[in-house]
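So the sequence shown is numbered by my numbering: it starts at 473 and just counts up by one. Comments concern the structure below.
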Amino acid sequence: MRYHAIGKLFLGLTMMLSVNVSAAPAHSAGWELVFSDEFNGDKLDRNKWATRYIYQNETMDHFNDEKERYRDNHVVSGGALSLMAKKVEGSDLFESAMIRSHRTFYYGYYEARVFLPNAKGVWPAFWLEADYDADGKTWHPPEIDIFEYVINGVEDKANSLHSNTVGPWSEKSYTYVDKNFMLKFQNMYASEDLNQGWHTAGFVWAPDRISMFWDGRLIYTRMYQWLRKDGQLGPPAHVDLNFAVGGAWAGRHGIDEAAFPQAFKVDSVRVCQFTNSDKGTRQCGPSEVTPDPKEFGYSAALNDMPKPAFLAVDKAGDKQPNAGVLSLNSGSPLNVAIPISLPENYPSNRLLQVSVYDPATRSVVATADRKLQDSLVKKRADGAGLVEFSLPAIQRPGSYVLDAKLTSETTSDNGARQVLPSPVTCNTAVVQPNKARSCRLLSLQVH
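This is how it looks when you write it as structure tokens:
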């Protein structure tokens, strides 16, 4: 979404990927719903969404000179999510909101039904951003801006919508362009303001091309590949919806502060991936404006980056956890075998670190680590590798969490040594986001 300089590091992943870009729809082929949120509850599902950008240890709350600062300034009510932006009293800043999917994806059909805000200075967006690579690094580019809606009152008004990618482009890369889309600015211009009702933004990301839709109408198709600066395939993408305010683009001619607070409303978010299996359907979930999979389908060998999976611990010493909860006596050591499933060809030069911490204070009371390549000597009946640990006794009664992560040693652009947590999948008995950089394995009740 931004032309910003964020980390540009990623260990080559292409050896794990094989992409066939020829369209190959079959009679049973179609869209398979793999992720969605209809926002029908009364609070945000934190297992689906984070509320800050991935950078700065997942705490970044704005880019560049924008005037917003992202806080948990959202409301879920009436079947919709409202990302709210309001002026901070006594400051030139605004408190606003965003969501970022924990799940990551390669390719698919992405859709959001939205109601856009109406004030000079607003900058809501729906976009795809590169996540962590296998080593835990972030890269930029690649990036896909499904849409950015800027009202600065002069160059960009309420009837215009921007859609583009970060990186080189040319008019020759477009194979279809709607009459209302101006290539010079990569802007769609409507005959009426776009913030007067609900609209559906749709986007097909295929291995070799992208297509943007507005209320089911094809706006453009262009050739595109999700590549890093070095020409390698980028990390998988997560989904962002954010409500920025001001900055050099949206705030170029000032911000109408009196028009705030404003809301960027989201009725639904859906991600479907193309499949040749019998799971494929004509529509993406209940969407009524899904592009025809016969025309926009694709073939790809990968829908996400393979990640190690931490699995449910079924035994700790001579005790069995109950629904992810283990009861311990204070002063007793914690002997535990941690099950982990590794993707094929996953690098073995990882350090497996486990820790016990107090969730109230985040203070660590016990920790241990083992080199992964030296540890997977046992296997569970389901084929998962078992790594055995003996942690020091917890002396104080209370509630604790047993946590695990994999770290890798890499180098930054300037050659500095980095130790980063690698992305993993959490398939344990403890409720948490499926994709994370560490997994909660057990809740410990120490008596």
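All C-beta atoms, glycine included, are put in the ideal place defined by N, C-alpha and C.
(request) Could you say which of T833, D776 and A584 lies nearest to F736 if we only look at CA atoms? (result) Numbered from 1 along the sequence shown, position 264 holds the residue referred to as residue 736. Nearest option by C-alpha distance: A584.
(request) With DSSP as the reference, label L705 as helix, strand or coil. (result) Here residue 705 refers to the residue found at position 233 when the sequence shown is read from its first residue. In the structure shown, L705 sits in a strand (DSSP, three-state: E or B).
(message) In chain order, what are the residue ranges of uninterrupted beta strand (DSSP E) at least 3 long that sit wholly in the segment 543-619?
(response) With a minimum length of 3 residues, the continuous beta strand (DSSP E) runs that stay inside the segment 543-619 are 546-549, 552-559, 566-568, 570-573, 580-587 and 594-602.
(message) Which residues does DSSP list as the beta-bridge partners of G857?
(response) To locate residue 857, count along the sequence shown from 1; it is residue 385. G857 is bridged to I812 and K851.
(request) Please report the residue range of the beta strand (DSSP E) in which W721 lies. (result) Against the sequence shown, residue 721 aligns to sequence position 249. Segment G719 to A722 is the alpha helix (DSSP H) holding W721; no beta strand (DSSP E) there.
(request) Would you tell me roughly how many angstroms separate the C-alpha atoms of M532 and G669, rounded to the nearest one? (result) Translated into the one-based positions of the sequence shown, residue 532 becomes position 60. Translated into the one-based positions of the sequence shown, residue 669 becomes position 197. The straight-line gap from Cα to Cα measures roughly 31 Å.
(request) Could you pull out every residue in the same chain whose Cβ sits closer than 7 Å to the Cβ of Y525, ignoring the five residues on either side in sequence? (result) In the sequence shown, the residue the question calls residue 525 occupies position 53. So the qualifying residues of the chain are M532 and R572.
(request) Enumerate in chain order the residues of its own chain whose CB-to-CB distance from N899 is below 6 Å, with the five nearest sequence positions on each side excluded. (result) Within the sequence shown, the letter at position 427 stands for residue 899. These residues qualify, in order along the chain: A781 and L783.
(message) Can you tell me where the alpha helix (DSSP H) holding E530 begins and where it ends?
(response) Start at 1 with the first residue of the sequence shown, and residue 530 comes out as number 58. Unbroken alpha helix (DSSP H) run through E530: Y527 to E530.
(message) Bridge partners for Q917 per DSSP, in chain order?
(response) The residue given as residue 917 occupies position 445 in the sequence shown. DSSP output for Q917 lists S799 and S871 as bridge partner(s).
(request) From the DSSP output, read off the bridge partner residues of L699. (result) Along the sequence shown, read from residue 1 onward, the residue named residue 699 stands at position 227. For L699, which the question treats as bridged, DSSP gives the partners L705.
(request) Let me know the secondary structure DSSP gives F715 once reduced to three states. (result) By one-based count along the sequence shown, residue 715 stands at place 243. DSSP, reduced to helix, strand and coil, places F715 within a strand of the structure shown.
(request) For the beta strand (DSSP E) containing E504, list its first residue and its last residue. (result) If you number the sequence shown from 1, residue 504 lands on position 32. Looking at the DSSP string, the run of the beta strand (DSSP E) that includes E504 is G502 to D509.
(request) Would you be able to state if there are at least three C-beta pairs under 8 Å between the segment 740-748 and the segment 504-514? (result) yes
(message) Here's the rule I'm using: 16 or more other beta-carbon atoms within 10 Å means buried, otherwise exposed. How should H919 be labelled?
(response) Here residue 919 corresponds to residue number 447 of the sequence shown, with the count starting at 1. It is exposed - the Cβ of H919 has fewer than 16 other Cβ atoms within 10 Å.
(request) Out of V785, S568 and T879, point me to the one whose CA is closest to L713's CA. (result) Taking the first residue of the sequence shown as position 1, residue 713 is located at position 241. With distances taken between CA atoms, L713 lies nearest to S568 out of V785, S568 and T879.
(request) Return helix, strand or coil for L892, following the three-state DSSP convention. (result) Within the sequence shown, residue 892 is the residue found at index 420, counting from 1. Here DSSP, grouped into helix, strand and coil, assigns L892 to strand.
(message) I'd like the span of the alpha helix (DSSP H) that includes F768, first residue to last.
(response) One-based indexing of the sequence shown puts residue 768 at position 296. Its alpha helix (DSSP H) spans residues P765 to F768.
(message) At the level of alpha carbons, what is the spacing between Q734 and R543?
(response) Translated into positions along the sequence shown, residue 734 becomes position 262. Translated into positions along the sequence shown, residue 543 becomes position 71. If you take the alpha carbons of Q734 and R543, they lie about 15 Å apart.
(message) So the candidates are L814, F861, K850 and V797; which of them puts its Cα closest to the Cα of Q825?
(response) Sequence index remark: in the sequence shown, residue 825 carries index 353 (1-based). Closest by alpha carbon: F861.
(request) Tell me Q734's beta-bridge partners as DSSP assigns them. (result) Position 262 of the sequence shown, counted from the first residue, corresponds to residue 734. Within the DSSP bridge table, the entry for Q734 names A557 as partners.
(request) Report buried or exposed for D875, applying the criterion of at least 16 other Cβ atoms within 10 angstroms of its Cβ. (result) As a first step, residue 875 is located in the sequence shown; it is residue number 403 there, counting from the start. Looking at its Cβ environment, which holds 16 or more other Cβ atoms inside 10 Å, D875 is buried.
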